[in-house]
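Here is the structure we will look at.
There are 2 protein chains.
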Amino acid sequence: MLSKSQLSFIKSLHQKKYRKENGIFIVEGIKSIIEFIDSPFKIHSIYYLAQYQSLLPALPANIKLFEVNNAELNKISTLQTPQGILALIYIPEAENLNAENLKGSFTLVLDGVQDPGNLGTIIRTADWFGFKYIVCSLNTVEVYNPKTAQATMGSLARVKVFYQDLSFFLADNEIKVFGALLEGKSMYQTEWGGEGLVILGNEGQGISEEVQAFITDPVTIPRVGAAESLNVAISAAIICSDISRNLQK
Amino acid sequence: MLSKSQLSFIKSLHQKKYRKENGIFIVEGIKSIIEFIDSPFKIHSIYYLAQYQSLLPALPANIKLFEVNNAELNKISTLQTPQGILALIYIPEAENLNAENLKGSFTLVLDGVQDPGNLGTIIRTADWFGFKYIVCSLNTVEVYNPKTAQATMGSLARVKVFYQDLSFFLADNEIKVFGALLEGKSMYQTEWGGEGLVILGNEGQGISEEVQAFITDPVTIPRVGAAESLNVAISAAIICSDISRNLQK
Numbered sequence: 001m002l003s004k005s006q007l008s009f010i011k012s013l014h015q016k017k018y019r020k021e022n023g024i025f026i027v028e029g030i031k032s033i034i035e036f037i038d039s040p041f042k043i044h045s046i047y048y049l050a051q052y053q054s055l056l057p058a059l060p061a062n063i064k065l066f067e068v069n070n071a072e073l074n075k076i077s078t079l080q081t082p083q084g085i086l087a088l089i090y091i092p093e094a095e096n097l098n099a100e101n102l103k104g105s106f107t108l109v110l111d112g113v114q115d116p117g118n119l120g121t122i123i124r125t126a127d128w129f130g131f132k133y134i135v136c137s138l139n140t141v142e143v144y145n146p147k148t149a150q151a152t153m154g155s156l157a158r159v160k161v162f163y164q165d166l167s168f169f170l171a172d173n174e175i176k177v178f179g180a181l182l183e184g185k186s187m188y189q190t191e192w193g194g195e196g197l198v199i200l201g202n203e204g205q206g207i208s209e210e211v212q213a214f215i216t217d218p219v220t221i222p223r224v225g226a227a228e229s230l231n232v233a234i235s236a237a238i239i240c241s242d243i244s245r246n247l248q249k
Numbered sequence: 250m251l252s253k254s255q256l257s258f259i260k261s262l263h264q265k266k267y268r269k270e271n272g273i274f275i276v277e278g279i280k281s282i283i284e285f286i287d288s289p290f291k292i293h294s295i296y297y298l299a300q301y302q303s304l305l306p307a308l309p310a311n312i313k314l315f316e317v318n319n320a321e322l323n324k325i326s327t328l329q330t331p332q333g334i335l336a337l338i339y340i341p342e343a344e345n346l347n348a349e350n351l352k353g354s355f356t357l358v359l360d361g362v363q364d365p366g367n368l369g370t371i372i373r374t375a376d377w378f379g380f381k382y383i384v385c386s387l388n389t390v391e392v393y394n395p396k397t398a399q400a401t402m403g404s405l406a407r408v409k410v411f412y413q414d415l416s417f418f419l420a421d422n423e424i425k426v427f428g429a430l431l432e433g434k435s436m437y438q439t440e441w442g443g444e445g446l447v448i449l450g451n452e453g454q455g456i457s458e459e460v461q462a463f464i465t466d467p468v469t470i471p472r473v474g475a476a477e478s479l480n481v482a483i484s485a486a487i488i489c490s491d492i493s494r495n496l497q498k
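In order, the protein sequence lines correspond to chains P and A. So in this note's numbering the end of the first sequence lands on 249, straight run, no missing numbers. So in this note's numbering the end of the second sequence lands on 498, straight run, no missing numbers.
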C-alpha cells in the first residue's frame, strides 16, 4: 500500500512545477519503461499491478519497487486508462548542445510547438528515421509533460532534446536551415544534401518571424486538396521521410 | 440563456449512443464551423459567445442561433478549452460506396483505427493530398466522435468516410491493394501507379490477418533508427505524400 505522502508526491508530478522542483517525471506502460531501464536515464521507482511484476527485467537494488492495487494506480496515473505500471524517472541534467555534433546529419528545430502529444509524436518519428537530436525554442512545450513522454512510446529514452533561445542558436549555426512553410519550394524538388536543420513552427502561427529570418531553404509540402494546413507532427514526419529517402539514394 | 433540456440534449451528444439516436454531432471552433456551413452538411443550431456573432456568415433562417455565456459554453463544450462557438450538425444519411468511384485514384482503408484523434488527423491529411474517400472497417472509431471531428479541422466537411465490412469490400475490389506493414518492400521503391487502396491498421495490432490476405503490394516505411513503430496517422501521411509525389512526376 502506498502512503498518503507517496500518493500526493506522485500526483504532484502531474504538474510541471513539481517535476522541475523534484527533477523527476512519469512514464507509463511496460514497453516504454523497459526502454528507459535500458537507457542512460536513471529510474527512481516503479509502481505496478501484481501481474506486471514478472514482465520487469532484473533491476539494480537502488530502484524502489511498489506493488499497487487498481485504485492506487488510478490515483497516480496520468492516463484515462492506466497501463498497469508506472515509473518515476530522474530528469537528466541539461547537457550543453555542441553545434559540431549537428554537422553531417539532420536535426529538427521546433519553434513554439504547444501540444504535448505533437512533441511526443515528433520525437517518436525522429527516432524511427534515426534523427538523434531535436532543438526546441524556449516556449515549446516541456518534453517531460506526461502526454509528451507517453506519445514518444519510449523514444524519449534515445532522442536528445535541447531547449535553446533559437535566435542565439541559429545565429551561430553554419549548416543549411530548411523551414517548413506554407509557401516555398516544393519539398519534392528540394535538394536536401547531407546535413541541415529543419524548422517546424507553432500549431496555429507557424514559424515566428524572428526565426523565419534564419531560413536559407524554405520547404513546402505541396497541397493537392483543400485542407488549410497540416498538423505539425504530420509535416515533420513527411519531411523526415523525404530526407531519409534522399540519404538512402 | 439555454434551458435545462437544451443543456442536457447537447451534453448527451458527447456520447456516441445519443449522436446515433438523434443523428446529430458536435463541431467546435469558428473555422471548422464555417467549413461545414459551406459544405453539403446541414446545420442544426449554433451556440456562440457574443464576440463570435460577427464572424458568422449569413445563414439560412432554419438554423437556430443561441448566444451563450462562458459558463454555458463550458457545460456544452467537449473541449478542455472551448473555442467560443459550437455547432450541432446533422449526420448525413450513409451513402452507398460505389467501388467504381475509387478507380483512377487512391483511397485510404483503415482497419480498426481506435484513437479518435488519429482518425481525425488522417482525414485532415487525406484532404490536404486530395484523397476524396476513406473506407473504415466496422470496428474503426466513429467519425462523428467530437475528438475526431475536431482533429479534422474542417476536412470532415469534404472527405467522404464509409464504414464497410472490409472482407466483403476487398473481395469485390479490382485495383491494387497496398498495405502498410513493418516488413515489406521499401516505400521508396514502391511502384504506386495511378490507382490503389492503401490499408493502414490498428494502433497496437496493425492490419488484421483476415485483411492482410487481400494485400497485393506490402509497403514498408524504411526504419533507420530504433523506434519500434510509427503512429498510424504518421504512417498514413508519409504514404500519402509519397503517392502524391509520384502522381506529380
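Backbone N, C-alpha and C fix where the C-beta goes; we use that ideal spot for every residue, glycine too. All of these numbers come straight from a predicted model, not from anything done at the bench.
- Of the other Cβ atoms in all chains shown, 16 or more fall within 10 Å of the Cβ of Gly29(P); this residue is therefore buried.
- Taking a Cβ-Cβ cut-off of 9 Å, Trp192(P) has no neighbours in chain A, whose nearest Cβ is about 14 Å from it.
- Taking the beta carbon of Asp127(P) as reference, the chain A residues within 8 Å of it are Gly474, Ala475 and Ala476, listed in sequence order.
- Here Gly117(P) carries a helix assignment [DSSP, helix/strand/coil].
- Residue nearest to Gly154(P) within the set Lys269(A), Asp421(A), Tyr339(A) and Ser478(A) is Ser478(A) (criterion: CA-CA distance).
- One alpha carbon belongs to Ile123(P), the other to Ala486(A), and they sit about 16 Å apart.
- For Arg158(P), the closest C-alpha among the options Val141(P), Gly130(P) and Val224(P) is that of Gly130(P).
- In the displayed model, Asn202(P) falls within a strand according to three-state DSSP.
- Within chain A, Arg494 and Gln497 have C-beta atoms less than 7 Å from the C-beta of Tyr188(P), given in sequence order.
- For the segment 111-125 of chain P, the set of residues with a beta-carbon nearer than 8 Å to any beta-carbon of chain A comprises Gly117, Thr121, Arg124 and Thr125, in chain order.
- For Glu444(A), the secondary structure class from DSSP, reduced to helix, strand or coil, is coil.
- In this chain, the alpha helix (DSSP H) harbouring Val481(A) covers Val481 to Leu496.
- Around the C-beta of Ala336(A), 16 or more other C-beta atoms lie within 10 Å, and the residue is accordingly described as buried.
- The criterion of a C-beta distance shorter than 8 Å is not satisfied by Phe417(A) and Leu446(A).
- In the displayed model, Tyr267(A) falls within a helix according to three-state DSSP.
- Among the bridge pairs identified by DSSP, Ser457(A) is matched with none.
- With contacts defined by Cβ atoms closer than 8 Å, Gly361(A) and Ser386(A) form a contacting pair.
- Assigned with DSSP and collapsed to three states, Asp165(P) falls in coil, not helix or strand.
- Ranking Gly455(A), Gln461(A), Thr469(A) and Ile464(A) by CA distance to the CA of Thr439(A) puts Thr469(A) first.
- In the structure shown, Glu349(A) adopts helical secondary structure according to DSSP, grouped into three states.
- Distance from the Cα of Ile338(A) is smallest, within the candidate group Ala375(A), Pro331(A), Tyr301(A) and Glu284(A), for Glu284(A).
- When secondary structure is reduced to three states using DSSP, Phe214(P) falls in the coil class, being assigned neither helix nor strand.
- Among the bridge pairs identified by DSSP, Ile46(P) is matched with Leu65(P) and Ala87(P).
- In terms of beta-carbon proximity, Ser281(A) stays away from the interface with chain P, with every pair separated by 8 Å or more.
- For Met1(P), no CB of chain A lies under 8 Å from its own CB, so it is not counted at the interface with that chain.
- For Asn231(P), the closest Cβ of chain A is nearer than 8 Å.
- Sequence-ordered contacts of the segment 312-337 of chain A with chain P are nonexistent [C-beta pairs closer than 7 Å].
- For Ala429(A), there are no C-beta contacts with chain P under 8 Å, since the nearest C-beta of that chain is about 12 Å from it.
- A direct Cα-Cα distance of roughly 47 Å separates Asn388(A) from Ala213(P).
- The alpha carbon of Ile492(A) has as its nearest neighbour, out of Glu423(A), Asn394(A) and Ser354(A), the alpha carbon of Ser354(A).
- Taking a cut-off of 8 Å for Cβ pairs, the segment 90-99 of chain P and the segment 8-27 of chain P touch, as three or more such pairs fall below it.
- In terms of beta-carbon proximity, Ala486(A) lines the interface with chain P, with at least one pair separated by less than 8 Å.
- One thing to note: Pro218(P) has its Cβ no nearer than 8 Å to the Cβ of Lys249(P).
- Judged by DSSP secondary structure, Lys185(P) falls within the beta strand (DSSP E) whose first and last residues are Val177 to Ser186.
- Chain P places a beta carbon closer than 8 Å to that of Ser404(A), counting this residue as a contact.
- The C-beta of Pro222(P) comes closer than 8 Å to at least one C-beta of chain A.
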